[in-house]
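A.B. asks:
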Amino acid sequence: MYFRYMNGQRQLDPSTQHGGAPVLAGDKWIMTKWMRERAYG
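Each residue of the sequence shown is one higher than the one before, counting from 1 in the working numbering.
Written out as structure tokens, the structure is:
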């Protein structure tokens with residue numbers, strides 16, 4: 001799953017807001033990879 005957070009005007013797109021549900025049974029795995037426009041740090 002990929003979310004593009006910016007629209008064509010480089011503004012945050014509110015339609016990309018999302019959330020997760022609690023685990024009721026079993027495991028939940030989450031992975032995040034940040035992709036930046038410019039170098040960080």
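Positions of the beta carbon are idealized from the N, C-alpha and C atoms, including for glycine.
A quick note: this is a predicted structure, and the numbers were derived from the prediction, not measured.
Between which residues of its own chain and Asn7 is the CB-CB distance below 7 Å, once the five residues before and five after are set aside?
C.D. replies: Excluding positions up to five away in sequence, the list reads Asp13.
A.B. asks: Tell me, please, which residues DSSP counts as bridged to Met44.
C.D. replies: Because the chain in this structure spans residues 1 to 41, residue 44 falls outside the shown range and cannot be described.
A.B. asks: Opposite Leu12 in the DSSP bridges: which residues?
C.D. replies: Bridge partners of Leu12: Met6.
A.B. asks: Which residues in the same chain have their Cβ closer than 6 Å to the Cβ of Gln11, if we skip the five residues on either side of it in sequence?
C.D. replies: Once the five neighbours on either side are set aside, Gln11 has no close Cβ partner at all.
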